[in-house]
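Trainee: Residue numbers (the working numbering): -12 to 80. For every residue, glycine included, the Cβ atom is placed at its ideal position computed from N, Cα and C.
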Amino acid sequence: MVVQAVLLKAGSALVTGLVGAAAYEATKKALAKAPLREGAVAATALGLKGSRKAEEVAENVRLNAADILAEAKERVGEESTPPTTGTAHDHDH
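1) I'd like the list of long-range same chain contacts for E66, defined as Cβ closer than 8 Å, with 5 residues on each side in sequence excluded.
2) Look at the alpha carbon of A52 and the alpha carbon of E43, and state the distance between them as a whole number of angstroms.
3) Tell me whether G26, by its Cβ, gets closer than 6 Å to a heavy atom of the ligand ADP.
4) Tell me which residues share the same chain as K16 and place their Cβ nearer than 6 Å to its Cβ, disregarding the 5 neighbours each side in the sequence.
5) Write down every uninterrupted run of the alpha helix (DSSP H) in the stretch 24 to 73 whose length is 4 residues or greater and which is fully enclosed by it, in chain order.
6) For A32 and N47, I'd like the C-alpha separation in whole angstroms.
Printed below as a string of structure tokens:
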């Protein structure tokens, strides 16, 4: 009886392992055929193009705003400063 129980459990584990391995292989083949990677690469490339265009537009807006501010200061008689990329700080990190 004990031997039958052990063989039954071993057989059950073997069948479960074979079914799992077959399912894994089938999933692996299906994913290899699916164009998921190609789609992910295309979506990422599109995102990069979009972010670069957004950066370009933001830079143009910043420069146009600086031009408008400089012209307004000139009209009221103030000296305008050229636009800068950031503030300088004189401390170490």
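Mentor: Checking against the coordinates, here is how it stands:
1) Same-chain partners within the cutoff: K60.
2) If I take the Cα positions, the gap works out to 14 Å.
3) Although the ligand ADP was asked about, the structure shown includes no ligands whatsoever.
4) Taking C-beta separations shorter than 6 Å and ignoring five residues to either side along the sequence, K16 has no partners in its chain.
5) Correct list: empty.
6) When rounded, the distance between both Cα atoms is 23 Å.
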